[in-house]
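Residue numbers for the sequence shown follow my numbering, beginning at 13 and rising by one.
Below: one structure, written as structure tokens.
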Amino acid sequence: MDIYEAISSRRDVRNEFSGDVVDEARLWRVLSAAHAAPSVGNTQPWDFVVIQDPAHLAAFAEHVAGCRADFARSLPADRAQTFDPIVVEGIEQSGTGIVVTYDADRGGPHVLGRHTVEETGRLSVGLAIQNLWLAATAEGLGVGWVSFYRPDAVRRLIDLPRGLDVVAWLCIGPVTQLQTVPDLERFGWRSRRPLADAVHRETFTTQSASASHGDGAVHPGYVPTESD
Ligand SMILES: Cc1cc2nc3c(=O)[nH]c(=O)nc-3n(C[C@H](O)[C@H](O)[C@H](O)COP(=O)(O)O)c2cc1C
13 MDIYEAISSR RDVRNEFSGD VVDEARLWRV LSAAHAAPSV GNTQPWDFVV
63 IQDPAHLAAF AEHVAGCRAD FARSLPADRA QTFDPIVVEG IEQSGTGIVV
113 TYDADRGGPH VLGRHTVEET GRLSVGLAIQ NLWLAATAEG LGVGWVSFYR
163 PDAVRRLIDL PRGLDVVAWL CIGPVTQLQT VPDLERFGWR SRRPLADAVH
213 RETFTTQSAS ASHGDGAVHP GYVPTESD
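Structure representation (structure tokens):
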């Protein structure tokens with residue numbers, strides 16, 4: 013699978029986990045892809061806690077169900093109705109969770125490149141996650157990012173040392189298929205924006221003309237969707 017194919021077929025997965033558990037060799041390959049990400053000051057501020065104990069997965073799934081219910085209660089009636097069928101996690105179905113953490117102290121007091129923009133540290137962790145996500149896609153695995161949790165609950169579950177932060181819980185496992193359209197779009201929650209709306213020229217207030225690349229494709233191998 014080439015990089016553009018991985019980018020266009022990658023999906024956030026909740027419903028399509030096959031029930032098999034990822035084998036150790038593939039898990040290690042996607043973790044090594046994550047670990048190859050760029051990072052501010054070469055700090056590599058990430059760690060990956062792999063969770064496969066069914067009791068731990070069940071405990072986290074129960075916590076997430078509570079957070080999902082809280083969110084549902086906060087919605088106006090029409091949005092609550094749209095949200096109702098949307099599954100927001102595949103924690104037990106995937107068989108494996110990876111908690112990705114951030115250590116702001118890694119790299120010592122003089123992090124090259126982070127002295128003016130503090131968030132570059134966390135952004136580096138996001139890049140590791142994206143590497144993992146694309147590598148998993150190329151491996152025939154699905155990944156679902158879960159953020160319906162209270163960070164303290166995850167801290168307790170994985171016994172995270174003070175000073176480190178939880179960035180993400182990723183569900184990862186073999187899949188039966190990958191959807192071609194994101195769930196949130198399929199269920200009418202929110203659709204993707206056209207690329208031309210996101211590209212600006214010289215100043216933010218100048219919208220890009222979409223015509224320069226014709227169909228707006230990012231690569232000949234990219235399959236535009238209806239919303240492109
Ligand atoms: C930071 C972040 C947090 C997310 N949290 C959740 C989540 O808690 N539950 C969920 O179902 N999807 C979550 N997602 C997945 C997004 O809903 C998904 O990426 C988006 O709808 C686009 O779909 P796609 O990834 O399949 O292209 C998250 C994605 C990101 C990047």
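Glycine included, each C-beta is placed from N, C-alpha and C at the ideal position.
| Query | Result |
| --- | --- |
| Output the boundary residues of the beta strand (DSSP E) element that contains tryptophan 157. | 153-158 |
| Would the region 96-112 and the region 56-72 be scored as touching if the rule is three or more Cβ pairs under 8 angstroms? | yes |
| Work out the CA separation of isoleucine 184 and leucine 69 for me, nearest whole Å. | 12 angstroms |
| Flag glycine 154 as yes when its Cβ comes closer than 7 angstroms to any non-hydrogen atom of ligand 1, and as no otherwise. | no |
| State buried or exposed for proline 50, treating a residue as buried only when at least 16 other CB atoms are found within 10 Å of its CB. | exposed |
| If contacts are defined as beta-carbon pairs under 8 angstroms, then arginine 167 and valine 178 qualify, I think. What distance do you get, rounded to the angstrom? | 6 angstroms |
| Please determine, among Gln219, Thr55 and Arg213, the residue with the shortest C-alpha to C-alpha distance to glycine 133. | Thr55 |
| For ligand 1, which residues have a Cβ under 5 angstroms from at least one heavy atom, in chain order? | Arg23, Asp24, Val100, Trp157, Val158, Ser159, Phe160, Pro194 and Leu196 |
| Comparing C-alpha positions only, which one of Ile141, Thr188 and Leu182 sits nearest to alanine 73? | Leu182 |
| Assign tyrosine 16 to one of three DSSP states: helix, strand, or coil. | helix |
| Grab the span of the beta strand (DSSP E) containing valine 34 for me, first residue to last. | Per DSSP, valine 34 belongs to no beta strand (DSSP E) and is neither H nor E. |
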